[in-house]
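Asks: One structure, as structure tokens, below. Some questions next.
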Amino acid sequence: MARQRTSLDDPTGAAHLIKGRTANEISESIKAAIKQGAFRSGEALPAIRALAERLGVNRNTVASAYRHLSDAGVIEGKGRQGSRVSLQAEGASRGPTMLHDIGGGNPDSRLLPDVKAMLSQSVWLPRGYEDPPDNPALIDFARRQLSDDGMPLGDVWIANGTFDAIEMILRAYLQPGDAIAVEDPCFMTTLGLLKELGFPPVPMAVDDHGVLPSAMEDALGMGVKAMILTPRAHNPFGGSWTPKRRDELARVIGRYEDLLLIEDDHFAPLSPFKPVTLVSAKRPNWAIVRSVSKYVGPDLRLAFVDSSDGLARKVSGLAAFSYRWVSGVLQQAVLSTVTSKDYPRIIRNASQAYVARRQYLLDALMDAGIEAHGADGINVWIPVTDEQAITRRLMEAGWIVRPGDIFRLESGQAIRVTVSTLTDREARELAALLANLQRQGAVQRGA
68 MARQRTSLDD PTGAAHLIKG RTANEISESI KAAIKQGAFR SGEALPAIRA
118 LAERLGVNRN TVASAYRHLS DAGVIEGKGR QGSRVSLQAE GASRGPTMLH
168 DIGGGNPDSR LLPDVKAMLS QSVWLPRGYE DPPDNPALID FARRQLSDDG
218 MPLGDVWIAN GTFDAIEMIL RAYLQPGDAI AVEDPCFMTT LGLLKELGFP
268 PVPMAVDDHG VLPSAMEDAL GMGVKAMILT PRAHNPFGGS WTPKRRDELA
318 RVIGRYEDLL LIEDDHFAPL SPFKPVTLVS AKRPNWAIVR SVSKYVGPDL
368 RLAFVDSSDG LARKVSGLAA FSYRWVSGVL QQAVLSTVTS KDYPRIIRNA
418 SQAYVARRQY LLDALMDAGI EAHGADGINV WIPVTDEQAI TRRLMEAGWI
468 VRPGDIFRLE SGQAIRVTVS TLTDREAREL AALLANLQRQ GAVQRGA
């Protein structure tokens with residue numbers, strides 16, 4: 068007999084607002100409901116079992132969503148009492164909390180091109196199994212961009228996003244157990260991918276100019292088989308290579324010609340820094356990966372890959388028995404966007420907006436005497452003494468940030484703030500909150 072629902076299954080009467088089939092969709096739906104004021108601070112969320120039954124998903128899926136929200140400080144576990152929206156700080160309003168979600172790492176959707184409109188004006192031709200996998204016109208666009216940026220041109224191909232490309236390359240070249248050098252802190256998806264594939268990460272410390280030459284030297288001395296680097300807009304730290312740093316790194320890595328080198332230049336057209344690379348003609352195994360996610364849209368899962376010829380042949384052989392090709396509809400959507408007459412203006416406006424918004428927060432934090440890093444990109448890295456406590460305290464005040472533990476290997480505790488939609492007023496408000504926490508010893512002082 069089916070279990071009867073009780074008021075405990077939906078204590079607020081707002082459970083109908085929670086939707087989704089995956090843990091991420093469910094957690095985002097809950098965050099949206101909190102923003103709307105449907106769940107008040109301190110109020111209980113639906114029980115895991117009841118919500119899983121209503122959504123038609125496994126209980127573990129809902130549990131994973133709740134765990135993610137708890138790690139982000141959005142909700143608090145209360146044992147047998149279930150999970151509740153985090154309480155406001157002492158003395159704050161107990162009414163509905165309007166949240167500022169500055170933890171997601173997303174670009175500002177208002178600065179992205181209208182892909183739907185551009186696609187509606189283009190011609191798409193259906194393709195079959197025997198057709199070439201990559202749109203020739205899109206490949207020509209990518210080659211021109213890479214050439215204009217001074218990148219060495221190898222075999223240019225298209226992948227289903229940055230991490231599909233990196234996964235295919237690593238699987239084609241390495242064996243589980245091979246060590247791979249990565250920046251520390253490191254983008255969370257990189258660390259997760261290496262863990263799933265069985266490649267131990269070797270951390271390399273970074274600063275505002277990218278990976279430290281001494282840290283690279285140490286990692287290479289440990290016998291790593293590959294290295295993944297971010298030349299510009301490092302996520303989460305925000306560093307970008309200067310010409311001087313690039314030359315210093317080139318002198319170190321130049322002695323290791325057989326190393327598999329992967330550069331993730333995800334912010335390429337938006338970065339105010341000049342394009343740089345450690346790839347040289349004599350290096351046999353290399354790849355430069357450029358995703359369109361930050362400037363065309365995260366949902367367009369497409370990346371351009373410029374790689375050594377031998378690497379491309381190995382990957383194409385593996386791809387023939389996996390994803391085969393990137394959707395022609397997706398390729399046409401990107402092509403229509405990047406070749407539109409408005410595209411240069413859209414990129415220029417987005418780049419300038421991100422520089423300004425990043426500077427809003429850096430200036431506000433500097434005025435408050437708080438250490439922060441973010442030379443490029445849409446994220447700022449703020450060292451703290453207790454990232455989980457800071458994340459919870461900020462959440463209680465209405466701000467969602469990313470705790471640093473998902474990015475770190477050996478580097479110190481911090482929080483990541485995404486500035487893509489941040490206003491000057493919001494930056495000052497956030498800096499004031501952090502300054503108050505600094506006085507309590509939870510945030511580090513600037514140098």
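Residues in the sequence shown are numbered consecutively from 68, following our numbering.
Each residue gets a CB set at the ideal place from its N, CA and C atoms; glycine is no exception.
These numbers come from a predicted model, not from an experiment.
Is the beta carbon of Phe334 less than 9 Å from the beta carbon of Trp308?
Replies: No, the Cβ-Cβ distance between Phe334 and Trp308 is not below 9 Å.
Asks: Spatial neighbours of Pro298 within its chain, please: CB distance less than 6 Å, with the 5 preceding and 5 following residues excluded, ordered by chain position.
Replies: Around Pro298: Trp308, Glu330, Asp332, Val343.
Asks: Which runs of the beta strand (DSSP E), 3 residues or longer, sit entirely within the stretch 158-222?
Replies: List check, beta strand (DSSP E) in window: nothing returned.
Asks: Given a threshold of 16 other Cβ atoms within 10 Å of its Cβ, counted over all protein chains shown, does Lys361 qualify as buried or as exposed?
Replies: The residue is buried, with at least 16 neighbouring Cβ atoms inside 10 Å.
Asks: Measuring straight from C-alpha to C-alpha, what distance separates Ala499 and Ala111?
Replies: Cα-Cα distance, rounded: 30 Å.
Asks: With a 10 Å radius around its C-beta and 16 neighbouring C-beta atoms as the bar for buried, classify Lys98 as buried or exposed.
Replies: Classification for Lys98: buried.
Asks: Check this for me: beta carbons of Glu463 and Pro450, under 9 Å apart or not?
Replies: No; because the gap between Cβ atoms is not below 9 Å, this pair is not in contact.
Asks: Just the C-alpha distance for Phe371 and Leu213, rounded to the nearest angstrom, thanks.
Replies: The alpha-carbon atoms of Phe371 and Leu213 are separated by roughly 10 Å.
Asks: In the stretch 328-393, which residue ranges form an unbroken beta strand (DSSP E) of at least 3 residues, counting only runs that do not cross its ends?
Replies: Whole beta strand (DSSP E) segments, 3+ residues: 353-358, 370-374.
Asks: Name the residue from Arg469, Val486, Leu476 whose alpha carbon lies nearest to the alpha carbon of Asp138.
Replies: Considering only alpha carbons, the answer is Arg469.
Asks: Throw me the rounded Cβ distance for the Leu220 and Leu264 pair, which I believe falls under 8 Å.
Replies: That pair is no contact at about 28 Å.
Asks: For Met260, which option in Ala282, Asp245, Glu234, Leu397 has the closest C-alpha, if you only look at C-alpha atoms?
Replies: The identity of residue 260 in the sequence shown is Leu, whereas the question assumes Met. Checked all of Ala282, Asp245, Glu234, Leu397; the closest Cα to Leu260 is Glu234.
Asks: Would Phe474 and Pro243 qualify as a contact pair, given that the criterion is a beta-carbon distance under 9 Å?
Replies: Not closer than 9 Å, so no.
Asks: In terms of alpha-carbon separation, which member of Arg391, Arg460, Gly290, Leu241 lies closest to Ala226?
Replies: Of Arg391, Arg460, Gly290, Leu241, the residue nearest in Cα terms is Arg391.
Asks: Check whether the Cβ atoms of Asp472 and His301 lie closer than 9 Å to each other.
Replies: No, the pair does not count as a contact, with Cβ atoms beyond the cut-off.
Asks: Any contact between the stretch 372-388 and the stretch 346-363? By contact I mean 3 or more CB pairs, one from each, below 8 Å.
Replies: Contact holds: three or more Cβ-Cβ distances are below 8 Å.
Asks: Who are the near neighbours of Ser407 in its chain, counting only those whose CB is closer than 6 Å to its CB and skipping five residues on each side?
Replies: Met185, listed in sequence order.
Asks: Excluding the 5 residues preceding and the 5 following Lys349 in the sequence, name in chain order all residues of the same chain whose CB lies nearer than 8 Å to its CB.
Replies: Glu324.
Asks: Tell me the DSSP bridge mates of Leu296?
Replies: Looking at the DSSP assignment, Leu296 forms a beta bridge with Glu330.
Asks: Buried or exposed for Asp181, please, with buried defined as at least 16 other CB atoms from any protein chain shown within 10 angstroms of its CB.
Replies: Result: exposed.
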